[in-house]
Amino acid sequence: MTEDLSPAERYVAARIRAAEEATALAPFRALYEFDLDPFQIEACQALEAGKGVLVAAPTGSGKTIVGEFAVHLALQQGRKCFYTTPIKALSNQKYTDLARRYGADKVGLLTGDNSVNPDAPVVVMTTEVLRNMLYAGSQSLLGLGHVVMDEVHYLSDRFRGAVWEEVIIHLPESVTLVSLSATVSNAEEFGDWLDTVRGDTEVIVSEHRPVPLWQHVLAGRRMYDLFEEESDHGGRGVTRREVNPDLARMARMENQRTYNPRDRRRGKMVREADRERERRQRTRIWTPGRPEVIERLDAEGLLPAITFIFSRAGCEAAVQQCMYAGLRLNAEEARLKVREIVEERTAAIPGEDLHVLGYYEWLEGLERGIAAHHAGMLPTFKEVVEELFVRGLVKAVFATETLALGINMPARSVVLEKLVKWNGEQHADITPGEYTQLTGRAGRRGIDVEGHAVVLWQRAMDPAALAGLAGTRTYPLRSSFKPSYNMAVNLVQQFGRHRSRELLETSFAQFQADKSVVGISRQVQKNEEGLEGYREGMTCHLGDFEEYARLRRELKDRETELARQGVAQRRAAAASSLEKLKPGDVIHVPTGKFAGLALVLDPGIPAGRSNGHRGFEQHDGPRPLVLTAERQVKRLASMDFPVPVEALERMRIPKSFNPRSPQSRRDLASALRTKAGHIVPERHRKQRAEAADDREIARLRAELRAHPCHGCAEREDHARWAERYHRLQRDTRQLERRIEGRTNTIARTFDRIVALLTELDYLRGNEVTEHGRRLARLYGELDLLASECLRDGVWEGLNPAELAACVSALVYEARQADDAVAPKVPAGKAKAALGEMIRIWGRLDALEEEFKINQAEGVGQREPDLGFAWAAYQWASDRSLDEVLREAEMPAGDFVRWSKQVIDVLGQIAAASPREGSTVGKNARKAVDALLRGVVAYSSVG
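According to our numbering, the sequence shown is numbered sequentially starting from 90.
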């Protein structure tokens, strides 16, 4: 090619080549066997130019290469780089990758329960660890040049998202930020915010998948393409993606009714023939079983595959079903290799624990190339599954959606059993963003030519809706940032109240709220222009028509109010009269379908609440059961009595009367007509309207008649303009209130939190008290409750196991609320301490209500959950794993996760507890040692 260039062009090309080779990017590119994509090169060049970057790209596109270049750049410049991830498993994985490349001496790891070489120039950590470092003013921040925030779209997470914003806001200005995100639809908005708080930030968005993704639907024995590519016949060579007509036809046939009962002209033989024909058609459509799906994918060469099942139990059941079906995906050589790796990775686990953990059943599935992956599994087991899958030794994984969150486990195919999942409150359709995240695992770069997303056919499936999910890339990033008590004291301690408030107003949450106000502000401006036009239309040459219109409105409002009061009084009088009725009273029903003579059989339920068969029920008023003169037994409503009712006569109701017997009704109705048929009910006199005697109405009418505009010939025209003016003015004020409600929302929440903390003597103006400094070291959802327990000495005198039980209530949260059975708790001092913790929480809850701190908005202290107290107590008391798991009825993975969270908070309590005259700190450290054993202690780093 260079031979075709002129000498001048060759010189320019050589200069460009020399300039590229002089950059830090050139030796970095040489580390990879493949060339970098344009978006990766663009992001790396921006980093080398000293800019921050936001890279938004699909899962599996290689955006972490940009993060790795930040590491390379920091090492070359002799500075530090922190690589943050949202989950420990991802931190462990990244640590292993970087240590392999740069050497274990240059790479460290910091997670909640692991610390490896923390002073290294490159440290991988969870985002919470970096947040805590920033608040503590850690010396490790000295010399920090770059921070990589992997999976930054986590800031949408309503439980942990605030941590990402805290880090972004509080990082020193000298630090270059590298934000790596999944494809989001508002990347530019997020980039604008980063530009505001971090300085010059380049936004690089790539929609391109390096491995094309094909979408399918598996129904019966056939796999259908979801889309049918149609060439544009206009000659432009463009293709349109249309839903496969075979799928649409199949859905229509599935939804057709087998037999229409309104069609009476068809004979029985014809209907039977139709049913048989439709039955034969439908036998081609069914939802294939799990073993059948894996066999089909294997036959088509589409393994390895991840099948997403939105249930832990479903994942375990799927593995069992495949094993019962005799499915074997591994040859003998692979089986032996699996056993070797598994035995090596689990060598530290005692034999008695292996049986409890279901090790042998799990190993058999792995040897066959089949495994489950979910949060209920032991972390070691999960990591073994991940390693074997990446090495191609496990070919079918049944996983919950947590696997889609960052773990590097790409597959050739992804299978979705259903498009509905339980979100903690109800079964809801998965969103386009969730669909993209799940199917993003399909297609391994450098291995597969294409990836495949397979959705299993389900009854009532709508192919058009599925195509909408697959074709939409709408995944907006929404801030979940909320101030917390710990955040408030840390901010005030570092910056003072005023500066803290200003910092919070720079959050992405406030940035989004302010942007949403822009459209409303424009509408307010338009309304104000409209108000000016209406004001001109109602101008009267005789006087101030705005004042006249106000008098008319006041008069109308007063008349409406009096009319409403009159109706309420009449209803109350009618209800009062109904309450006086007794069985045997003869009444005249004034209006409604059953108007006329009636005999009261039962006066009905009095107004208010009553204890019915559905618990407490609300009633508008008495609802008497009556027999009408026309022999009908009916329960009347209050609306049948717009006026008070009185008994005209009394009758004896025979004991033998049966309201269900037509003969009984006929006889009693006849007696009713005989007894009271001649009585003419007294007509209810219409009372004089209260408006006639109301002084306020008289005054307003007099002022109206005396007003100059009252005599204007165009008065009613002006009045119409005035009414429009009033309506638009009311709407404008509502919009202004909405603007006010969205402006400074974060800062106002912060002010309320500061006020509560001042009330409790954690803050005094800009001063953080001793109690406040203790709270600053307690991170967690129930930070203030933990601090109050330390202050009140609730945990003094508890032994380590009892303390572990109490601390578990601060972290544990049941997956599903179960109020039917009270959780088992240790007796004695621990039980008393847990009771005191609930009492303190009740006091804090009342204070939060007083200071308008709303838990529904994600701020405040939820009620402690005692559901893990017994398990934590047993484990810290050296009970066996078998005994603890059996009594807790909890999967091993959940037990380990909650235990590690208890250990984390115990560590914070040990650091925050008073040094003198307190046993809490010492016992917290002992409790950590008691919990950190067996399955909880197994480390999987390296």
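Built from N, CA and C at the ideal position, the CB exists for glycine as well.
In the structure shown, V237 adopts extended strand secondary structure according to DSSP, grouped into three states.
Between R724 and G673, the C-beta gap is not smaller than 7 Å, which leaves the two residues out of contact. Note on geometry: alpha-carbon atoms of G1006 and L846 lie some 25 Å from one another.
Distance from the CA of A146 to the CA of D126, rounded to the nearest whole angstrom, comes to 12 Å. Cβ-Cβ distances below 7 Å link Y313 to H305, V306, N333, D335, L336 in the same chain, with the five nearest sequence neighbours on each side left out; the list follows chain order. Residue A726 holds the alpha-carbon nearest to the alpha-carbon of E668 among I438, R548, Q526, A726.
DSSP lists A542 as the bridge partner or partners of Q304. Where A225 is concerned, the enclosing alpha helix (DSSP H) starts and stops at 216–225. Within its own chain, the residues whose Cβ lies closer than 7 Å to the Cβ of A188, once the five positions on either side in sequence are excluded, are V196, listed in chain order.
Runs of the beta strand (DSSP E) spanning 3 or more residues and lying entirely within the stretch 815–878 do not occur at all.
Between the C-alpha atoms of L1020 and L114 there is a straight-line separation of about 47 Å. For Y313, the beta-bridge partners assigned by DSSP are V306. Comparing alpha carbon positions, the residue from V236, A865, T520, C404 closest to G141 is V236. When DSSP states are grouped into helix, strand and coil, C629 belongs to the strand group. According to the DSSP assignment, L995 belongs to the alpha helix (DSSP H) that extends over 981–1001. Bounds of the beta strand (DSSP E) holding T174 are 169–174. Excluding five sequence positions before and after K764, the CB atoms of its chain that fall closer than 8 Å to its own CB belong to V675, E738, M740, given in chain order. With respect to the C-alpha of A894, the residue from E825, V857, W964 having the closest C-alpha is W964. Where F397 is concerned, the enclosing beta strand (DSSP E) starts and stops at 394–397.
In the displayed model, A556 falls within a helix according to three-state DSSP. Taking a cut-off of 8 Å for Cβ pairs, the stretch 783–791 and the stretch 636–644 touch, as three or more such pairs fall below it. Taken through DSSP and simplified to helix, strand or coil, F940 comes out as coil. Pairing L143 with S270, the inter-Cα distance amounts to about 7 Å.
When rounded, the separation of the alpha-carbon atoms in D646 and E812 is 14 Å. Taking all protein chains in view, the Cβ of I927 is surrounded by fewer than 16 other Cβ atoms within 10 Å, so the residue is classified as exposed. When only Cα atoms are considered, A663 and R762 end up about 25 Å apart. Per the coordinates, the alpha-carbon of V474 lies some 11 Å from the alpha-carbon of R434. Apart from sequence neighbours up to five positions away, the residues of its chain that approach A718 with a beta-carbon distance below 8 Å are G685, L686, A687, A758, L761, R762, G766, ordered along the chain.
For R1014, no beta strand (DSSP E) run applies; the uninterrupted alpha helix (DSSP H) run containing it begins and ends at 1009–1020, by DSSP. Q409 has its alpha-carbon roughly 26 Å from the corresponding atom of A437. Linking E803 to E621 through their CA atoms gives a straight-line distance of about 20 Å. Less than 7 Å separates the beta-carbon of A500 from that of R530. Between the alpha carbons of E859 and Y851 lies a gap of roughly 7 Å.
D208 and G309 have their alpha carbons spaced roughly 58 Å apart. In terms of Cα proximity to Q990, the closest of A163, T200, G149 is T200. In the assembly as shown, E636 is an exposed residue. Its beta-carbon has fewer than 16 other beta-carbons within 10 Å.
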